[in-house]
Amino acid sequence: MRRIFIATLLVSAAAIGFEILLMRVLSIVQWHHFAYMIISVALLGYGTSGTAIALYRPFLERHFEAAFSVFALLFSAAIVICFIGGQRVPFNALEIVWDPAQLLLLGVVYLVFFVPFFFAACAVGLALTCRAAYVSRIYFFDLLGAGLGAMLIIGALFRLSPQNAVLLLAGVALAGAFVAGLGIPLRRPLAIVQLAWLGVLVVGLPQGWMGLRLSEYKGLSQALSVIGSRALEVRSSPLGLLTVVDSPQVPLRHAPGLSFGTAHVPPVQLAVYTDGDGLSAITHFDGDMDTIAYLGDVTAALPFQLLDSPRTLVLGAGGGTDVLLALWHGARHVDAVELDAHMIDLVANSYADFAGHLYARPDVSVHRAEARGFVERSDTAYDLVHIGLLDSFGAAGAGVQSLNESYIYTVEGLEDYLAATSPGGVVAVTRWLRLPPRDSLKLFGTAVQALRRLGVDAPGERLAMIRSWNTTTLIVKNGELSAADVAAIRAFTKSRSFDPVYFPGITTGEANRYNLLDRADFYAGAAALLGSDAPDFIDRYKFQIAPATDERPYFFHFFKWGTLPEVFALRKQGGAGLIEWGYLILVAVLIQAAVAALVLILLPLARIRKSWVTGTGLYAGAYFFLLGLAFLFVEIAFIQKFILFLSHPLYAVAVVLAAFLVFAGLGSAFSGGALATAAGARMPAIAVTGIVAVSVLYLYTLPILFDHLIGATDPVRVGVSAALIAPLAFFMGMPFPIGLRRLASVAPGFVPWAWGINGFASVVSSALATILAIEIGFSAVIVIALALYAVAALLLLGLDGKE
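Just so we're aligned, residue -11 is where the sequence shown starts under the numbering used here, counting upward by one.
What follows is the structure in structure tokens.
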């Protein structure tokens, strides 16, 4: 059995690693909102495997080791084949609002990536089913492998490209197949196939096959289509795939918010794309400030009109343009914060000569850190906290970020930035301008709420916003804007042909002079958000502009169901751009997950003969359905809660998922032993009480803990996260095996259905949990999950009554 233990560990490691890798890959070739689809895909594979094993168990038991080895080999091959094939499905998310065929293609993508997880789950499920005497040890190695796989893929992505990481995981799965197949009859034919596949992995597949195929609508794809443009360098890490692009024949001129009346031309620039989008420019700089004079004619220059030689904090420094902005305006010192070490290295080393050794200047300090974490632990009082554009104009305009969690633009974030400013200091945020107004009004409303929470009775006296043809810049002052400040704003906007959106004392006639709109909607919206009927205005507005919070950090989510019929009717007349289709993709994923789970998990179980006491199916079915929903609700909500603390969605998924699996497994093992003791009858109550108590405690204490520890090093935050997840996951691992053991004694014939129903609920719950988090917040999702656990406990009592 030792071979099976090791093989199970290897297969589980490859499976969880591939799940996390697919999230990374789809964020690159498509967009971030596909991440939670992959969790659903993986769970569909595991649920379907349980049905398949239940249907063909006698045959599989007779050929256990050979079947395990074959499934692991098929898993290894499917990792590579489906990675290649899934990217070749001609799915275009931007067309989904007017082309129904795209929904079918989305379903094809879903099913293609389902295949590897099905084979992996068949191997592990076969071991758990056919070697029941060793189930606790097999389960331990399964969960241990999952934890190791999560750490393996995160570490590998610091060294390997996603394509090579795929080959690594396929090799791990193949090792599992090889170990499981040692000593079985007919070993030689199987070994020949395994060695042949190993040769393919070692020699490698053609680069054209394994290459990432980015959406043609991503900024990088469009940049490389320009005559003469070329990719100079590619850097890969879990934080992002950075691609440096040079375009000598059609030079890049990236100057968001530049006035049409400027007399200055931006110098030559290199483009740095993150995950194929999110352009950041490295600007050629030789130390001569006159060459970057264009930076005086962008909306982001507004705060420098109010400050003299400010100590400046730049959050999201990227290629360094915002650092140059501060230096051109006479900042006495600039602290530049950037999360991605590769981005820093590009500016500081690889292209240091081109960038004028910007990050080596004595008046510039560069910090590799997450923005909120840096602000929390910094004891420096800044005159200006500057947040530039962190995403691309195309991504913002297309609504592709609607499911991105962003803790940069939340109420709590603005409170933190204001706390980091000196009296009279300024927080400045620049965003892309969208019509009808969305981002700008949501940001303005977020600032209004942040000031009110800080006890400011008249927030309008501390706020100002201006707009150009494609950007808006908001300033929030730590103190009231003076008459001199207002005069400087007026003079700045007039000289650059910018339009003020709001400042204290603004008149309607000032708000729409240069970049003309049919109506002064930006000004009207800002005035409404400052008024007493602001809640009613937010409710009536056609887009979701309620302030983003750490509880619901979906700043880019503007979708409202009530607006959908109107914009959908206009979709072929330009209205498609008004649909926040990222949210609709998530709804489509939920629907297709439910259909796929019904067809692949539940319907095949109809072949199993029904033999159980009347009423058992109702109680047991509902019990395992609620557990499937509740477990994933809690898991998904905590993944999202830990994104801020761990600095990146991928880190949160890897750490939280691994911790939940390992400690839930330990809880499952503990409950199995405890049921045989005198306290066994109380185990359901103990489990549910533990889940509720720990969850409620965390709802109140996690924000406090995160505030104190967010500035710690990466290893410390990972360790703290695992320790926090441990007790909750331990209790959550108990209800399923407790119910399964009770069911086995009451109605053993219903056990396959219990697995199937739980699998069905798990498949739909990941997408459903994300939708609920967007609509009502993480804490509300957790509260719903606790209610589901409580109802499930009551159903278990009803199941006991069937004995």
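C-beta atoms are modelled at their ideal positions from N, C-alpha and C, and glycine is treated no differently. Since this is a predicted model, take the numbers as computed values, not measurements.
Excluding the 5 residues flanking it on each side, Leu402 has same chain C-beta neighbours closer than 7 Å at Val415, Thr434, Ala435, Ala438, Val464, in chain order.
Residue environment analysis places Asp323 among the buried positions, since at least 16 neighbouring C-beta atoms fall within 10 angstroms of its C-beta. Contact annotation, Gly187 with Ile589: C-beta distance approximately 36 Å; criterion of less than 8 Å not satisfied. Runs of alpha helix (DSSP H) with 4 or more residues, each lying fully within the segment 0 to 59, are found at 23 to 43, 45 to 50, listed in chain order. For Ser225, the secondary structure class from DSSP, reduced to helix, strand or coil, is strand. Counting only runs of 3 or more residues that sit fully inside the segment 472 to 532, the beta strand (DSSP E) segments are 487 to 490, in chain order. Fewer than three beta-carbon pairs drawn from the segment 218 to 225 and the segment 276 to 289 are found closer than 8 Å, and the two stretches are therefore not classed as touching. Beta-bridge partners of Ala452 (DSSP): Ile463. Non-local C-beta neighbours of Val112 in its own chain, meaning closer than 7 Å and more than five positions away in sequence, comprise Thr(-4), Val(-1), Ser0, Asp130, ordered along the chain. In the structure shown, Gln237 falls within a coil segment according to DSSP collapsed to helix, strand and coil.
For the 7 Å CB-CB criterion, Val751 and Ser37 do not form a contact. For Ala640, same chain residues with a beta-carbon under 6 Å away, outside a window of 5 residues either side, are Ile627, Phe630, Ile631, Leu634 in chain order.
In the three-state DSSP reduction, Thr368 falls in the coil class, being neither helix nor strand. In the assembly as shown, Leu462 is a buried residue. Its beta-carbon has 16 or more other beta-carbons within 10 Å. Rounded to whole angstroms, the gap between the alpha carbons of Phe544 and Ala476 is 31 Å. According to DSSP, Leu230 shares a beta bridge with Arg223, Thr262.
Among the bridge pairs identified by DSSP, Glu326 is matched with Arg356. Relative to the Cα of Leu312, the nearest Cα in the group Asp333, Tyr339, Leu295, Arg349 belongs to Arg349.
Ranked by Cα distance from Val100, the first of Leu189, Ile72, Tyr405 is Ile72.
By the Cβ-count criterion, His696 is exposed, with fewer than 16 other Cβ atoms from all chains shown falling within 10 Å of its own Cβ.
Under the Cβ criterion (8 Å, minimum of three pairs), the segment 772 to 788 counts as touching the segment 611 to 628. Ranked by how close their Cα comes to the Cα of Ala717, the residues Leu760, Arg729, Ala761, Gly653 have Gly653 in first place.
Taking the Cα positions, Asp367 is about 8 Å away from Ala408. In summary, Gly513 is buried, with 16 or more beta-carbon neighbours lying within 10 Å of its beta-carbon over all protein chains present. In the three-state reduction of the DSSP assignment, Trp457 falls in the coil class, being assigned neither a helical nor a strand state.
For Pro424, there is no enclosing beta strand (DSSP E), as DSSP marks it with neither H nor E.
No residue range can be given for Arg76, since it is assigned to no alpha helix (DSSP H) and is classified by DSSP as neither H nor E. Ranked by Cα distance from Val417, the first of Pro447, Leu327, Leu451, Gly493 is Leu451. When only Cα atoms are considered, Gly245 and Arg299 end up about 23 Å apart. Approximately 11 Å separates the beta-carbon atoms of Ala138 and Leu145; this is outside 8 Å, ruling out the contact. Counting only runs of 4 or more residues that sit fully inside the segment 582 to 634, the alpha helix (DSSP H) segments are 604 to 634, in chain order. In terms of Cα proximity to Gly306, the closest of Ile270, Ser338, Leu193, Asp274 is Ile270. The criterion of a C-beta distance shorter than 7 Å is satisfied by Phe766 and Glu539. In the structure shown, the three-state DSSP call for Leu301 is strand.
Here Leu294 carries a coil assignment [DSSP, helix/strand/coil].
Excluding five sequence positions before and after Ser485, the CB atoms of its chain that fall closer than 7 Å to its own CB belong to Ser247, Phe248, Gly249, Tyr502, given in chain order.
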